[in-house]
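So the structure is just underneath, and the comments pick up after that.
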Amino acid sequence: MLKSHGCGELRAEHIGQQIRLAGWVNRRRDHGGLTFLDLRDRSGVVQVVANPGTSGEFHTTAADVRAEWVLQIEGIVRLRPEGMQNAELPTGQVEVEVHRLQVLNPAKTPPFLINEESEVDEMVRLQYRYLDLRRERMQRNLVLRHKVIKYIRDTLDRRGFLEIETPILFKATPEGARDYLVPSRLYPGEVYALPQSPQQLKQLLMVSGLERYFQIARCFRDEDQRGDRQPEFTQLDVEMSFVEREDVMALLEELYTGMLASLFPERQVQATPWPRLTYPEAQNRFGTDRPDLRFGMELKDVSDLAAGSGFRVFEAAVASGGEVRAINAKGCAGFSRRELDELTQFVASFGAKGLAYLALPESGEPRSSFAKFLATDRLEALRARLEAEPGDLLLFVADRRAVVLESLARLRSHLGARLGLYDSKLLSFCWVIDFPLVQWNEQEARWDPSHHLFTAPLPEDVHLLEHQPGRARGQQYDVVLNGHETAGGSIRIHDRALQERIFQLIGLEIETAKQRFGHMLTAFEYGTPPHGGIASGMDRLCMVLAQEPNIREVIAFPKNQAARDVMAGAPSMAEPGALRDLHLQIVDGRPGRPKG
RNA sequence: GGGGGUGUAGUGUAGCGGCCAAACACGCUGCCCUGUCAAGGCAGAGAUCGCGGGUUCGAAUCCCGUCAUCCCCGCCA
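Throughout the first sequence, residue numbering follows the numbering used here, covering 819 to 1414 in sequence.
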């Protein structure tokens, strides 16, 4: 080893020891006759001192080095002189007196500062990701991610789970997200698909009798990006045999609760055990199936008060089968016209045709877009329902139910963040259960599975499949963390006949199903144990734990918004020979861009 | 596919029709300096204001287009 200690490990107990260090120059403070170098490696930073008296010729070398040069240093750990200790630094009691200094590698001046947490344009960070990863923030995040995954592996191992790898080259499934396809060289026109998740494979492992499987699985989906969505992402994938819904839920809750206690004891969890909401309850109270429970501002149905109120917008919505709902933005009665316009524009992007308001100032007359149409007793009833006090601002959307829920749910999160209604360090988990098994797809005029097509219905709801499929609940469960969908799973169908009824229900011809899932259906005929599982997004979990605004900050080499790797320049144009091998011809599209 | 924001030295920003052959901070280069730790002092280099076109007597500044990037909608079983 080129070093005997990590820079950040040195303490008073090392005083007097002859040691070797190797690392990067974090900072140089040159006083002419005396030169300080902060030497950095993954373990931290320690001050190194060179002067002509103790370091001889190496003092000159020390004066010549620059930030990010790679050095090896031999020297003695000294107690720092009285008054020169640095309480800010874990190694601040000591310093290393240089006896020998070797430049292992000089460095160009980096495009941005490595040694401080300055804001840098993300494109530059991604282009020089290897330098960005040298910075404290990213090292901290990667360590956090490692610890999270290590904890999961250790704990599941102790609980009898096997970690089993599944193929990256697999079979395309037209349902769901767009697949990444890999053309086959050996079979013209045929393709592999990268898995959107190991869903089918883990169920087959249950058929195989492995009973308890998990994997830290890379998943691929060729859809447009978001701050919390990358083309490839990592899931904790779990599947268990001979379990019921409660068993899987208990496993994941214990796993995460234990992890937080063990790795993040300082982080406050809002409630344990995690609250449970049924899907209808989540929809009704928060307008979404991934409610952020860190704050209130629940949606209140005021359709009954809106009907026949005299305000045509409200009346019309209710009369045509829609709803009127409202939220109470506490203390926001002072919002300006401009601010209200902004909120209106905000909900408009989710389909709301308008945003009615009733502002109740501390003093003076209420301001409202509709109050003049309403009788006093109706206004009073509205105030009462929304528990409005002087200073509050009530915001109403009247529309189709789906639009009302969506736009108010979004408005609620928007306001929650904007008004700082919660402690951003707080962790608020909840379960959402009892999802409808299938949802009506208006465009295609058919029933679509709301989770996936192997999800089992609740036993007591099976009879509904025939005539009221929309009312049948699935044995599905989602974990929501601070408004982010963090995990989701279900008990699967292990009965061939029931599986075929589901195919029938969602309009999947049995022949088509056989083509796509024949291996599954056949497998299920050979003694399938009842089984279920869950999958949890590691990137989103780590993002929340690291308190980062997007998952790129917890991924070593992420793609940008346009799904490009700006460091390596991927994707890039294929060599003509490679295309020929793959039996491919480019018939359309822009020629490739030069790599960044 | 659509909407919005941003683009000015290496980095972060200011300037938003003439006072700008562009300012500040950090970084960088050189010199001075033996107790600093965001070291300090002095001197200096570094930008055709993303790109193209237009309006104007005059454009970093206004308009159009384009590219890049971020956020969002659609999409993501």
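From the three backbone atoms N, C-alpha and C, an ideal C-beta is built for every residue, glycine too. On a predicted model such as this, the values are computed, not experimentally measured, just so you know.
Taking buried to mean at least 16 other C-beta atoms within 10 Å of its own C-beta, is F1060 buried or exposed?
F1060 should be labelled exposed.
Length-filtered (3 minimum) beta strand (DSSP E) runs lying within the segment 1180–1211:
The segment 1180–1211 contains no whole beta strand (DSSP E) run of 3 or more residues.
Can you grab the Cα-Cα spacing for the pair P1098 / F1253, in whole Å?
Straight across, the Cα-Cα distance linking P1098 with F1253 is about 8 Å.
Please return the same chain residues whose Cβ sits closer than 8 Å to the Cβ of L1178, not counting the five positions on each side in sequence.
Within the same chain, L1178 has close Cβ partners A1151, P1184, R1201, A1206, E1207, P1208, G1209, D1210, L1211, L1212.
Looking only at its chain, what residues have a beta carbon closer than 6 Å to the beta carbon of L1245, apart from the 5 residues adjacent to it on each side?
Here the set comprises R1085, V1087.
Rounded to a whole number of angstroms, what is the C-alpha to C-alpha distance between R1218 and V966?
Cα-Cα distance, rounded: 42 Å.
For I986, does the three-state DSSP call read helix, strand or coil?
It is coil, neither helix nor strand.
Using the Cα positions of L922 and M1361, report the straight-line distance between them to the nearest angstrom.
So the two alpha carbons sit approximately 36 Å from each other.
Using only CA atoms, which one of S1026, G893, T872 lies nearest to L828?
The shortest Cα separation from L828 among S1026, G893, T872 belongs to G893.
Apart from the five residues just before and just after A1035, which ones in its own chain have a Cβ nearer than 6 Å to its Cβ?
Shown here for A1035: same chain residues with a beta carbon closer than 6 Å to its own, the five before and five after excluded, namely P1016, Q1053, D1055 in chain order.
Please say whether G851 and A825 have beta carbons closer to each other than 8 Å?
The identity of residue 825 in the sequence shown is Cys, whereas the question assumes Ala. No, the Cβ-Cβ distance between C825 and G851 is not below 8 Å.
Does the ligand MG have a heavy atom nearer than 7 Å to the CB of E1262?
Annotation note on the ligand MG: not contained in the displayed structure, which lists no ligands.
Exposure of L1419, with buried meaning 16 or more beta-carbon neighbours within 10 Å
Any question about residue 1419 goes unanswered here, given that the chain covers just 819 to 1414.
In whole angstroms, what separates the C-alpha of R898 from that of W842?
The straight-line gap from Cα to Cα measures roughly 22 Å.
Cβ-Cβ separation, S1080 to Y948 (assumed contact under 8 Å), whole Å:
In this structure Y948 is not in contact with S1080, their Cβ atoms being roughly 31 Å apart against a cut-off of 8 Å.
Counting only runs of 3+ residues fully inside the segment 1214–1269, write out the beta strand (DSSP E) ranges in chain order.
Counting whole runs of 3 or more residues, the segment 1214–1269 contains the beta strand (DSSP E) stretches 1247–1251, 1256–1259, 1264–1267.
Cβ shell of A840 (< 6 Å), same chain only, five flanking positions each side left out
Residues of the same chain with a CB within less than 6 Å of the CB of A840, apart from the 5 flanking positions on each side, are L820, K821, Q890 in chain order.
With a cut-off of 8 Å on the beta carbons, I'd call I837 and V914 a contact; round off their distance for me.
The Cβ separation is near 7 Å, so the contact holds.
For Q836, does the three-state DSSP call read helix, strand or coil?
Q836 sits in a strand when the DSSP states are folded into three classes.
Where does the unbroken alpha helix (DSSP H) through E1072 begin, and where does it stop?
Element bounds for E1072: 1063–1081.
Skipping 5 residues on each side, what residues in its chain have a beta carbon closer than 7 Å to that of R1112?
The residues are Q1088, Y1240, L1244, S1246, N1300.
Considering only C-alpha positions, which residue in the set H917, F1129, Q1403 is nearest to K1190?
K1190 has its Cα closest to that of F1129, out of H917, F1129, Q1403.
Please state whether DSSP places P1287 in a helix, a strand or coil.
In the structure shown, the three-state DSSP call for P1287 is helix.
Counting only the same chain and skipping the five closest in sequence on each side, list residues whose C-beta sits under 7 Å from that of E1008.
The answer, listed in chain order, is S1002.
Answer yes if the segment 1016–1035 comes into contact with the segment 1331–1346, meaning at least three C-beta pairs across the two stretches below 8 Å, and no otherwise.
Because the criterion of three Cβ pairs below 8 Å is met, the segment 1331–1346 and the segment 1016–1035 touch.
Can you tell me whether DSSP reads K1118 as helix, strand or coil?
In the structure shown, K1118 sits in a strand (DSSP, three-state: E or B).
Spell out a yes or no on whether the segment 1134–1144 and the segment 1105–1125 are touching, meaning 3 or more CB-CB pairs, one atom from each, closer than 8 Å.
These segments touch.
Starting from M1385, trace the alpha helix (DSSP H) in both directions and tell me its first and last residue.
Segment: none, M1385 is in no alpha helix (DSSP H) and carries neither H nor E.
Own chain partners of F1188 with C-beta closer than 6 Å, once the 5 adjacent residues on each side are dropped
If you ignore the 5 residues before and after F1188, its C-beta comes within less than 6 Å of the C-beta of F1129, A1174, all in its own chain and listed in chain order.
Quick one, which of R884, G1350, M1115, G1325 has its alpha-carbon nearest F1272's?
For F1272, the nearest C-alpha among the options comes from G1350.
Is C825 helix, strand or coil by DSSP?
Three-state DSSP puts C825 in a helix.
Determine the DSSP secondary structure at D1046, reduced to helix, strand or coil.
Reduced to three states, the DSSP call for D1046 is coil.
Close beta carbons around R846, own chain, < 6 Å, minus the five adjacent residues each side
Closer than 6 Å at the Cβ level, and outside the excluded window around R846, lie L855.
Is A1274 buried or exposed, if buried means 16 or more other CB atoms sit within 10 Å of its CB?
If you draw a 10 Å sphere on the C-beta of A1274, you find 16 or more other C-beta atoms in it, and that means buried.
Grab the span of the alpha helix (DSSP H) containing D950 for me, first residue to last.
That run of the alpha helix (DSSP H) goes 947–950.
State the Cα-Cα distance for the pair V1256 and L1283, rounded to the nearest angstrom.
C-alpha separation (whole angstroms): 10 Å.
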